[in-house]
């Protein structure tokens with residue numbers, strides 16, 4: 057286990073982490089390119105504004121981490137969990153997700169633009185102002201999640217499961233006038 061330590065403002069390329077546990081590690085505004093993680097637990101870590109383009113995550117668990125503004129764009133996730141994380145303003149745009157769980161996370165103002173996913177589960181998250189443009193939503197279930205405003209593509213709504221209140225929010229966001 058790696059506990060503590062501040063690696064903020066660092067730059068690293070081709071970092072590979074396997075079978076590790078990181079606790080209370082800080083990597084704010086760090087740039088990691090071609091980062092690979094396998095069987096890793098990140099617990100109470102602060103990765104705010106971390107840049108990790110094209111990263112690869114297999115069986116990785118982010119638990120109670122601060123991920124505000126973290127950029128996971130163009131990354132690859134397999135069997136990963138984000139639990140009780142603060143990930144407002146994070147970007148998952150153009151990512152490839154296979155079996156992914158977000159549970160009790162703050163994902164307000166986050167980007168989920170053009171994601172390619174299978175087996176994505178969202179449970180009790182805050183999704184206010186999140187952007188899901190150009191992401192297919194069929195079989196996704198938003199019912200246990202909260203949002204007052206959300207950006208979705210009309211052509212990708214078919215098969216999305218929402219509750220009545222969420223349906224009204226989505227309809228208003230698409231320009232329908234509800235009287």
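In this note's numbering, the protein residues as written are 57 to 235. Glycine residues also receive a C-beta, built at the ideal position from the N, C-alpha and C atoms. Everything numeric in this text was worked out from a predicted model, so none of it was measured.
Any idea if residue 189 is buried or exposed, counting beta-carbon neighbours within 10 angstroms, 16 or more meaning buried?
-> exposed
Cβ separation of residue 192 and residue 175, assumed to be a contact under 8 Å, to the nearest whole Å = Contact flag wrong, Cβ pair sits at about 13 Å.
Comparing alpha-carbon positions, which option in 89, 72, 100, 73 lies nearest residue 59?
-> With distances taken between Cα atoms, residue 59 lies closest to 100.
In whole angstroms, what separates the C-alpha of residue 138 from that of residue 87?
-> 20 Å
Own chain partners of residue 62 with C-beta closer than 6 Å, once the 5 adjacent residues on each side are dropped = Excluding sequence neighbours, residue 62 sits near 82.
Hey, out of 146, 145, 141, 117, whose CA is closest to residue 133's CA?
-> 117
Distance between beta carbons of residue 149 and residue 129, contact taken as under 8 Å = With a contact defined as Cβ atoms closer than 8 Å, residue 129 and residue 149 qualify at about 5 Å.
Whole-angstrom Cβ separation of residue 178 and residue 197, contact assumed at under 8 Å?
-> 7 Å
Within 10 angstroms of the Cβ of residue 123, are there 16 or more other Cβ atoms? Answer buried if so, exposed if not.
-> buried
Do residue 143 and residue 126 have their CB atoms nearer than 8 Å?
-> yes
Would you kindly check if the distance between the Cβ of residue 109 and the Cβ of residue 89 is under 8 Å?
-> yes
Whole angstroms is fine: what's the gap from residue 135's alpha carbon to residue 156's?
-> 6 Å
Spatial neighbours of residue 214 within its chain, please: CB distance less than 7 Å, with the 5 preceding and 5 following residues excluded, ordered by chain position.
-> 194
Check whether the Cβ atoms of residue 94 and residue 115 sit closer than 8 Å, and answer yes or no.
-> yes
Can you tell me whether DSSP reads residue 116 as helix, strand or coil?
-> strand
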